[in-house]
Structures are given as structure tokens and as C-alpha cells.
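Numbering-wise, my numbering comes out as the position in the sequence shown, counting from 1, plus 331.
Glycine included, C-beta positions come from ideal geometry on N, C-alpha and C.
Being a predicted model, the structure only gives us computed values, none of them experimental.
Notes follow once the structure below has been shown.
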Amino acid sequence: MAGVDGINGQSLYFAAAQAASHQQAKETDKEKKLNPTQKTSFINSLEKSQQEFELANDGLPVEIAGMTEEEAIVFLKDEVDLAGNNLTKNPTMERISDYRRKLGNFMKYISKNNYEVLTLYRRKKGRPLISVKTGKPAYYTQVQVINQKLEQLAGDLVYNHKENIDLLKRLEEINGLIVDLLAS
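Put into C-alpha cells, the structure is as follows:
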């Protein structure tokens with residue numbers, strides 16, 4: 332009988348192991364069906380595609396999609412610095428247009444994310460002030476800076492790249508003269 336108990340003991344062991352294996356497989360299947368990381372990764376890729384579309388419509392590089400505001404600013408600033416260094420070393424028309432594009436991208440991003448335009452109605456003694464010309468409430472527009480550090484960074488960038496910006500300005504003047512000559 333000892334031999335029979337050994338076989339029954341082994342079969343019970345294998346049966347328990349098989350049951351545990353089936354249970355683990357069921358749990359794995361449940362996780363695959365309900366895995367939130369798969370859903371969030373799809374949502375993240377969908378959001379990133381939407382951001383890329385919006386950036387492309389705004390004329391900004393799609394590489395900054397998915398980046399935080401700080402990461403995008405650092406990326407764009409580094410792009411301007413690199414293009415400015417290349418322009419300083421060898422001022423070709425390709426490098427000039429590359430520098431212009433990257434500087435424009437940086438400034439677009441700053442103006443899009445750092446300024447808020449408010450339209451406020453003028454008030455006099457708690458009532459809207461009425462315009463004499465239109466008979467409608469008079470209003471004014473105020474540009475509000477959201478992040479002073481970001482505005483300072485933009486000012487510093489323009490100051491540090493003054494020579495390259497002056498070069499672009501002179502090229503624009505020359506292009507204007509050429510257009511005037513061709514038009515007359």
C-alpha cells in the first residue's frame with residue numbers, strides 16, 4: 332500500500348500544480364483583457380497624434396509633442412542656439428533660413444504659451460463705459476504675461492543672438508530692395 336500512497340501523493344501534487352497553473356493562466360488572461368496600460372498607451376498615442384496635428388497647424392515642430400512646457404522650451408532654445416552657431420561659422424542661405432525658421436518656432440511657442448490676451452470693458456462707477464462713436468460698451472485689450480521667467484528667457488535669447496538677427500534684418504532689407512527693383 333505504500334506504493335499506492337506514493338502514486339496518489341504524486342498525482343495530488345501534480346493535480347494541485349496543474350490547478351495553480353490554470354488559475355495563473357486565467358488571471359493572466361484577465362489582466363490582458365483589462366490591462367489599463369494598453370488602454371492608456373493607446374490614449375497616449377492618440378493624444379500625441381492630436382498634439383502633433385495641432386503643432387503642425389501652428390507651424391511648430393512636431394518633435395515637441397508629448398514634451399512638458401519646460402522640455403519643449405529647452406528643446407526649441409537649443410535648436411536656435413545650434414542654428415545660430417552654425418550660421419556664425421558659415422553664413423550660407425540654407426543656414427540663414429534654418430536659423431530664421433528655428434527662431435520663429437521659438438518665438439511662436441513663447442507667444443502661444445506665455446501670453447494671454449484679455450478684452451476688458453472699461454467701467455465708470457461700476458457701469459460699462461459707453462463709446463461715443465459706436466454707442467456700445469468701450470473696451471480695451473490687455474496682454475498679460477503668464478510666466479516672467481519665460482519672458483526673460485525670450486529677451487535673453489534675442490539679446491544673445493543680436494548679431495544673427497541683425498544679419499537677418501539686413502537680408503530682409505536687401506530682399507525688399509530687390510522686390511522694389513523688380514516691381515518698377
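Measure the alpha-carbon distance for Met398 versus Gly435 and round it to whole angstroms.
19 Å
Within its chain, find whatever has a CB closer than 7 Å to the CB of Asn444; leave out the 5 residues flanking it on each side and keep chain order.
Glu400
Phe406 beta carbon less than 8 Å from that of Ile395:
yes
Using DSSP's beta-bridge definition, name the partner residues of Gln473.
Leu449
Please report the residue range of the alpha helix (DSSP H) in which Gly486 lies.
479-491
Determine, using beta carbons only, whether Gly390 and Lys439 come nearer to each other than 8 Å.
yes
Please report the straight-line C-alpha distance between Gln483 and Ile505, rounded to a whole angstrom.
31 Å
Distance, Cα to Cα, Lys420 vs Lys408?
18 Å
8 Å Cβ cutoff met for Leu527 and Ile404:
Absent from the structure is residue 527, since the part of the chain shown begins at 332 and ends at 515.
For Ala414 versus Ile441, is the C-beta spacing smaller than 8 Å?
no
Could you round the C-beta distance between Asn495 and Tyr430 to whole angstroms and report it? I think they count as a contact, below 8 Å.
6 Å
Should Val411 be labelled buried (16 or more other beta-carbon atoms within 10 Å of its own) or exposed?
buried
Going by beta carbon distance, what residues of the same chain come within less than 6 Å of Phe437, once the five residues before and after it are set aside?
Leu407, Val411
Helix, strand or coil: which one does DSSP assign to Thr419?
helix
Give me the Cα-Cα distance between Glu503 and Asn375, rounded to the nearest whole angstrom.
42 Å
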